[in-house]
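In the UniProt record's numbering, the protein residues as written are 1 to 119.
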């Protein structure tokens, strides 16, 4: 306090000369710019590698599937044809049996007629 009863204002601001002579810390560009950029680049590289691995695996699985698909379809079609051929062969065998039975029946009728007529 001063004699007049007022308090003196203490200047808390640094003076212009102090401000000009104060040395500021150097800008750490490596920490602020280079390191984050390197981290992001590394992350991008890891992502690209993972993506490449996933795509390669997908391509291999798709190739395996597409290669085996015609074989599977061929096998199914072959089984269907084999079943159809078995049905046709069975039908032919039944027709052959029916033809033989009919011939035997006709032969018996002829023999019966011969026996009845005495020819």
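Ideal Cβ positions, reconstructed from N, Cα and C, are used throughout, including at glycine. Note that the coordinates shown come from a computational prediction; the quantities given were computed from them, not determined experimentally.
When the options are compared against residue i, the one with the closest alpha-carbon
i: residue 22; options: 14, 116, 80; result: 14
Simplified DSSP state of residue i, which is helix, strand or coil
i: residue 95; result: helix
i: residue 22; result: coil
i: residue 105; result: helix
i: residue 1; result: Low confidence applies to residue 1: its pLDDT is 47, below 50, so where it sits in the model is not reliable, and the reading given next is rough at best. Residue state, collapsed to three classes: coil.
i: residue 12; result: coil
i: residue 76; result: helix
In chain order, which beta strand (DSSP E) runs of at least 3 residues are fully inside the segment 14-62? none
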